[in-house]
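Have a look at the structure below before the remarks.
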Amino acid sequence: MKTRSPISITAIVASSKFLTAAAVLMLPTLALSGQAMAAEKTDQHADAELQSASEKPQIRVEKRTPAYWRVTFDNPPFNIFGPETIPQMEKVVAEIETDPDLRVVVFDSAVPGFFLTHYNFTPPLSESTSLPYGKTGLHPLPDMLVRISKAPIVSIALIRGRATGVGSELALASDMRFASKENAILSQWEVGAGFVPGGGPMARLPRLMGRGRALEVLLGSDDINGELAEDYGYVNRSFDDEKLDPFVDALAGRISGFDRQAIADTKRLVDFASLPSDPEIGAGWDAFITSVQRPVAQNNIGRLMEMGLQTNPDIEARLGHYTQTLADK
């Protein structure tokens, strides 16, 4: 990880627009302050990885028919979502919003064990601060999630592997979620590391599962398997793994044959009763921005990075367990 010169928090707070754009990636620098020697050892490696990631396509779009697309995340080894992913995702979301023939899109993964995971904590600040705000006026990540929810098409998350942080938030922004009983894990792990989730789960989860269960998921910061996710309403249904793809493919194919305007009008009316407002999503993002500056969050992310976050398969596969080790005893 690259170290930077100290950043004045008061100077950042002076401009809320800059704060929202920049502070999301202040965490890598702040969290690992005082660890310059360790960061220096990985500096060149991190730069090489970032350059490689920015050049490599991380998202594939398969247009099975003009009306039915598969959007597949393919960023091994862990499907981590970072600032280098956002421009690629923006192109996909823009095409989803504007293609006149599209009716259904299914989000899935080509990386075994990982649907889509948390934000990338290693790129330099400029990789995020240079990104323009989205159409909604929100930071590009919550902006794209809001736009997916409101798009005039049906979005389905096919969850096999870990949906952690951003992955969970994308699933929640989708219209429907279907999970593998054996191989799906959903997680909002952020509170366990000392900060607030930023992609809207506080606004979305209570609408799906009720206040008590939403607080259990968010404040417990633990892994939720596919079967429990179905019981709680986190996902529509969970299936034995071999039955997941056939069901989702059949449902997506069925809906893709229906009238596009009828789909869009029906979804728009359901949205009135069920979607959080943009200010609700924005408030969550602002809380995230504030929380990542606190010393406890800086310290906890630093400790997780030392354990092997983003490099050690066991840390990524059992993030709930390792997050618990950060708790005060």
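Throughout the sequence shown, residue numbering follows mature numbering (1 follows the signal peptide of the UniProt record, and there is no 0), covering -38 to -1, 1 to 291 in sequence.
The C-beta atom is built at its ideal place from N, Cα and C for all residues, glycine as well.
Measuring only the C-alpha atoms, how far is residue i from residue j?
| i | j | result |
| --- | --- | --- |
| N41 | F76 | 6 Å |
| Y284 | D276 | 9 Å |
| E189 | I58 | 30 Å |
| D227 | P114 | 8 Å |
| L93 | A135 | 21 Å |
| S274 | S218 | The displayed chain sequence assigns Asn, not Ser, to residue 274. Answer to the nearest angstrom: the Cα atoms are 40 Å apart. |
| A289 | M171 | 26 Å |
| A214 | P257 | 46 Å |
| residue 296 | A259 | Residue 296 cannot be examined here, being either before or after the span of the chain that is shown, -38 to 291. |
| S253 | P159 | 9 Å |
| F209 | N261 | 44 Å |
| L64 | A133 | 19 Å |
| H101 | F220 | 34 Å |
| M51 | D137 | 18 Å |
| P28 | F43 | 27 Å |
| P163 | T84 | 24 Å |
| P45 | E178 | 30 Å |
| N198 | R139 | 5 Å |
| K205 | I121 | 12 Å |
| N187 | M267 | 25 Å |
| I263 | F250 | 14 Å |
| S239 | R216 | 30 Å |
| G244 | F157 | 16 Å |
| Q20 | Y81 | 14 Å |
| W151 | T126 | 7 Å |
| D207 | T287 | 35 Å |
| M(-13) | I225 | For M(-13), the predicted structure reports a pLDDT of 45, less than 50, and the residue's modelled location is therefore unreliable. A value from the coordinates is still provided. Cα to Cα, M(-13) sits roughly 41 Å from I225. |
| F234 | G270 | 43 Å |
| P241 | R124 | 28 Å |
| E278 | P39 | 10 Å |
| Y30 | Q223 | 15 Å |
| P62 | Q255 | 43 Å |
| R280 | Q272 | 12 Å |
| R53 | R169 | First, the amino acid is wrong: residue 53 is Lys here, not Arg. Rounded to whole angstroms, K53 to R169 spans 29 Å at the Cα level. |
| A176 | D193 | 13 Å |
Pop quiz: residue i and residue j are said to be a contact at Cβ under 8 Å. What is the actual Cβ separation, rounded to whole angstroms?
| i | j | result |
| --- | --- | --- |
| D184 | G282 | 5 Å |
| A154 | E131 | With the sequence shown as reference, residue 154 is identified as Gly, and Ala is not the correct amino acid for it. Not quite, the Cβ-Cβ distance comes to about 16 Å (not below 8 Å), so this is no contact. |
| V116 | K25 | That pair is no contact at about 15 Å. |
| V66 | N37 | 23 Å between Cβ atoms; not a contact. |
| L181 | L167 | About 11 Å separates the two Cβ atoms, so there is no contact after all. |
| V128 | L78 | 6 Å |
| L231 | S111 | Not really, about 14 Å apart at Cβ, beyond 8 Å. |
| A141 | A212 | So it is not a contact: roughly 16 Å between Cβ atoms. |
| I48 | L107 | Contact doesn't hold; Cβ gap of about 12 Å is too wide. |
| G246 | A165 | 6 Å |
| R22 | V55 | Not a contact, Cβ separation roughly 15 Å. |
Quickly, what does DSSP pair residue i with across the bridge? List them, please.
| i | result |
| --- | --- |
| S200 | A141 |
| T126 | S149 |
| A119 | F69 and R139 |
| R22 | T34 |
| F43 | Y81 |
| T27 | Y30 |
Using a threshold of 6 Å, is the CB atom of residue i nearer than that to any non-hydrogen atom of the ligand MG?
| i | result |
| --- | --- |
| A113 | In the structure on display, the ligand MG does not appear, and there are no ligands present to speak of. |
Using 8 Å as the Cβ pair cut-off and three pairs as the minimum, do the stretch 97 to 105 and the stretch 140 to 149 touch?
-> no
For the stretch 59 to 112, which segments carrying the beta strand (DSSP E) assignment without a break, of at least 3 residues, lie completely within its bounds, in sequence order?
-> 66 to 71 and 76 to 78
Entirely enclosed alpha helix (DSSP H) segments - the stretch 184 to 251, minimum 4 residues | 188 to 194, 203 to 218 and 222 to 236
Length-filtered (4 minimum) alpha helix (DSSP H) runs lying within the stretch 150 to 184 = 163 to 171 and 173 to 182
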